[in-house]
Every structure is written in C-alpha cells, then in structure tokens.
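Which chain is which? The protein sequence lines are A and B, in order. Per my numbering, the first sequence starts with residue 1, numbered consecutively. Per my numbering, the second sequence starts with residue 1001, numbered consecutively. The structure appears right after this line, and notes come after that.
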Amino acid sequence: MSTAIRDILQRVGSLPPLPDTAIRLMNVINDPRSTVDEIVEVIRYDQAVTAEVLKLCNSAYFGMTRTITSLSEAMVCLGTVKVLQLVMSVHTSALLSKAQIGYGLAPGMLWRHSVAVALAASATAQRINLGNVSLAFTAGLLHDIGKVVLNEYVAEEFLEIVRRVREEKLAFVEAEQAVLGYSHEEIGGRIADVWKLPQPIIQSIRHHHDPTRLVPPDPFVDTVYLANCICLLLGIGLGEDGLYSRASDAVMQRNGLKESDLENIGAQMLLDLRKVEQIFEGQSNRSTRPTPGPGVEHTHDS
Amino acid sequence: MEHVVDIADFKVSRDPQDQLVTYSLGSCIGVAIWDPVVRVGGMLHYMLPESSLSPDKARRNPAMFADTGVPALFRAAYELGASKKQIVVKVAGGSQLLDDNGTFNIGKRNYVMLRKIFWKNGILIDNEDVGGSVSRTLRLDVGTGRLTLKARGKEIVL
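Printed below as a string of structure tokens:
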C-alpha cells in the first residue's frame, strides 16, 4: 500500500465526527415508526443546536407573529420537515463550509452545493413518491463528505487527475480513483461507515456518481444521484471537477422521470436555496450575494 | 465596484468603474452585452430555455429563462441609453455532463433557444465559448467593454 493511500485512510478515522445527536437523529428519521415526540427528544439533547435552530425559526424570514420558544412549537408552526432541514443544516455547516482548494471551492461553496443537492433530493424523493423526504435531504447534504478528506490529495495530484480526465475521457471521480486509489465517493462511504450512519445514506454517498453499478437498483441512491446532476448542471457550488460526471438515461427511465421533471425540480430548488440562504444570512456572514451599489441602475433578483 | 450576477439574475450598469461578474456557469448561459457608444454594459445568467415550464416562476424571475431573460436584459440596457444597433453580444456556458445519450441536454437546449431568439430579433453573436463540460466565469468591465472568460484555471479575453 502506498504512503498516500495509507495517509488517506488514516485521515478518514481522524476526521472530527458529526455530533452524536446528529447521527442519532438520522437513525430516528430512518425508522418509519418514529414519532414527532421522539424526534424532538433527540434534537433537544443538543442544547446549542436547539438554541440555534430556535433562533433561525424566529428570524425575520419566517415572519412569526410570536416568538417560538420550543422545538415542539416550531414543529407545529413550520412543520417537521422544515425543522429537520434546519437542524441537519446547522449540524453540518461547520464541517462543510471550509474551502476545498483541491476542488477549486471557495469557503461556503461546498456547503452551498450540499444544501442545494439536499433540497433537490427531497424534491426528487417527493416526485417519485419515495416516502422519506427528510432522509433524502440528509443524504444529499452529506453526499460529498469524502471531498473534505480527499481535498488535499486531489490538490497534490490535480494536474495528473485533469490530464486523465482530458486524455482518457474519464469522469473526474474515475480519475480520482485511478490516480489516488480512492474516489471521494469511496472515502465518503468509509467516513459514513465509521460514523455508523443509516445504510441508505451510506449507500447514496458511496454511489452518488454512478448508481447503475448497484444491482438491484436503489431508488434512494438514484434520487441523490439525480439531485447532484441537477445541481452540477445548474452550476451550484461547481468546482474544478466541473460537469465531468456521467449522465445516465437508465436512471431517469427507471424512475419514470422526464427532462422537464428535472428542470422543474431545479427551478424550485433554486428558489428554496435562496430561502435557506436568507434564513442563514441573518445569523452569520455567509452571504453569497453582495448588495448592489449605486452604479447598478437595475437589478432583478427576487 | 464588482457586482455579482447570480444564477437566474441580470444586472446592467453605466458606471465605468463597475464590473459585472457571473460565476459557475454550467449548463446555464451567460449573456454579456455592451454598447461602446454610451458605454452601457449588462449581463444575464439564465438557467433554462423556456418559460412555458412555469409561467408563474417566469413572471417572478424572468432571468430564470432564456425567452423572458434576454428581452428583460435588453430592455434594461435600452433604459440606460443603449441601442440595439450598437450593442455587442458575447455568450458563454451551455456545458454538458458526460452524456452518450443526450438525456441531460439542458445546456444544448439553452444555447439553441438563445440562437432562435437572436435570429428572430436580428441580433448577431460577436463571440462565444459554449459547450464542453467545464465551469466558466465571465467578467465584464463596464468602462472598457473588456470581457474575460475564466475556465480550466485559465483566463482569456472573449
């Protein structure tokens, strides 16, 4: 085993883990028998996150007429799905917000891409009647987690990876595998294994670039794959790996989706993403859109 | 001053100090226009070809679609004094995933729709960089009309 590969595997083990509550929450979401009370119980265990989520629920964006003081109240006013989205976004934002130089991602870009894929995945799950929308959101949020570890190795071998992409017509993820011995999919899958995430999330992280390798097909993995395709196409948090990822007709067909479905999901995702960014902008300085200055006479951006 | 044109957004300006920039063009298309006489510049970053997909979204976000975004961009530039005869048009984007079947061909359809709109209105594209699978960044200097394109880590003048 080469030193680089040994290094990469060691890094997988030493990555700061997601908070225990985040992982327990995913397992609760994964269990169809879970009740809202059980979900609230798990979230509440982490007081810092609970406080931050309540602050977000009370942000000007939601325009609540009274102050929301408890999670159960938030669940009633905003709905369970929305509150879970906020909780998972808060849990992962620190881990995913750093710059990933190897992939050409400035600070905040990987997080933006991850939230976009999460929103598109939950919309796709809804469109194909997959049921567990919150689990699809979480899987989307974590699909690129392997990039956090692989980033610096990609940076070192970047020219060679790009050469293989160009000359051998490989997808970027295939070139990672060829040059480094591991792709960010595989590394992400190993991280998810170490964290003991629910199986559907592990599978969708591990196969989000090529779900056609899975026999039998897994509609949950398909969902995250399609959501990622949509966000790559629309350039949300697009890095140096660009659109060097494979499109699959088969995945569309076996889920009964047409191109117009993807366009609809993409258009709605963008509007939802702006809402999420608005909610978080009030709390931090993660603004991606500078305010227009006096020189700009006309701007359209709702 | 630098102004970022987000996805499904457009901006126009006549301040010679301004730069209009749009990042991460994938299958979306960036349209940069500039009138060298009155020195008015504009940039659009649209994501989908046709507003018939969702007339409601198009009404609220005309810059989301080619057929509503392009007219809105030109109208805003005319309001600042630009004229159709003088406007120089440059285009970038329309990338594709690696796709043997052409299933996910939003990029191509985005470009075809743009050509159709320009052809109908008698507008010529002065220069363009479209297709492939790269991510592109476009930057227009409103004072000079200089348009730069960044892709694959390299910057060129378009």
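For each residue, glycine too, the CB sits at the ideal point set by N, CA and C. Here the structure is a predicted model, which means the values were calculated and not measured.
Straight through space, the alpha carbons of B:ILE1125 and A:LEU197 are spaced by roughly 51 Å. Contact annotation, A:VAL224 with A:ALA171: C-beta distance approximately 16 Å; criterion of less than 8 Å not satisfied. For the segment 1099-1111 of chain B, the residues whose beta carbon sits under 9 Å from a beta carbon of chain A are, in order, ASP1099, ASP1100, ASN1101, GLY1102, THR1103, PHE1104, ASN1105, ILE1106, GLY1107 and ARG1109.
In the three-state DSSP reduction, B:ASN1110 falls in the helix class (H, G or I). Assignment of B:THR1022 by DSSP, reduced to helix, strand and coil, places it in the strand class. A:LYS55: member of the alpha helix (DSSP H) spanning 47-57, first to last residue.
Sequence-ordered contacts of the segment 244-256 of chain A with chain B read TYR244, SER245, ARG246, ALA247, SER248, ASP249 and MET252 [C-beta pairs closer than 8 Å].
By the rule that beta-carbons nearer than 8 Å mark a contact, B:LEU1053 touches chain A. Under DSSP, no beta-bridge partner is assigned to A:PHE158. The shortest CA-to-CA distance from A:VAL28 to any of A:ALA94, A:LYS55, A:LEU135 and A:LEU159 is the one to A:LEU135.
DSSP places A:GLN100 in the strand class (E or B) of the three-state scheme. Following the DSSP letters along the chain, one finds B:VAL1134 in no beta strand (DSSP E), marked with neither H nor E. Taking the Cβ atoms as the reference, B:LEU1149 lies roughly 10 Å from B:LEU1140, outside the contact range of under 8 Å. In its chain, beyond the 5 residues on either side, PHE1104 have a beta carbon closer than 6 Å to the beta carbon of B:LEU1097.
Of all residues in the segment 1027-1038 of chain B, the ones placed with a Cβ closer than 8 Å to any Cβ belonging to chain A are SER1027 and CYS1028, in chain order.
Boundaries of the beta strand (DSSP E) around B:HIS1003: 1002-1004.
The segment 1054-1061 of chain B makes no contact with the segment 1073-1081 of chain B; the number of CB pairs closer than 8 Å stays below 3. Put simply, the CB of B:LYS1057 is near chain A, with a gap under 8 Å to one of its CB atoms. Nearest in C-alpha terms to A:MET26, of all of A:HIS208, A:PRO217, A:TRP195 and A:ILE68, is A:TRP195. Of the candidates A:SER245, A:ILE230 and A:TRP111, A:ILE230 places its Cα closest to the Cα of A:GLU263.
Within the same chain, Cβ atoms closer than 7 Å to the Cβ of A:ALA121 are found at ALA136, PHE137, ALA139, GLY140, THR223, VAL224 and ALA227, the five residues on either side in sequence being excluded. In chain order, LEU1098 make up the part of chain B whose C-beta sits under 8 Å from the C-beta of A:ALA171. DSSP lists B:ARG1139 and B:VAL1157 as the beta-bridge partner residues of B:THR1148.
Taking C-alpha positions only, A:GLU186 is separated from A:ILE101 by approximately 20 Å.
Neighbours of B:ILE1007 across chain A, judged by C-beta separation under 8 Å: LEU234, GLY235, ILE236 and LEU270. A:HIS91 is positioned such that its CB atom lies closer than 8 Å to that of A:PRO19. Interface annotation, A:GLU281: not in contact with chain B, CB-CB separation never under 8 Å. For B:ARG1109, the CB contacts under 7 Å within the same chain, skipping 5 residues up- and downstream, are PRO1049 in chain order. Any Cβ of chain A closer than 8 Å to the Cβ of B:MET1043 would place that residue at the interface, and such an atom is absent.
A:VAL81 counts as exposed, since fewer than 16 other beta carbons sit within 10 angstroms of its beta carbon.
Cβ atoms of B:LEU1025 and B:GLY1093 come within 8 Å of each other, at about 4 Å.
The beta carbon of B:ASP1015 sits closer than 7 Å to those of VAL1142, all from its chain and outside the five residues before and after it, given in chain order.
Here A:ALA123 has ILE265, GLN268 and MET269 as same chain residues with Cβ atoms under 7 Å from its own Cβ, once five neighbours each way along the sequence are excluded. Note on geometry: alpha-carbon atoms of A:LEU96 and A:ARG206 lie some 18 Å from one another. What B:VAL1134 touches in chain A, judged by beta-carbon distance under 7 Å, is GLY242, going in chain order. Judged by their CB atoms, A:HIS208 and A:ARG246 are not nearer to each other than the 8 Å cut-off.
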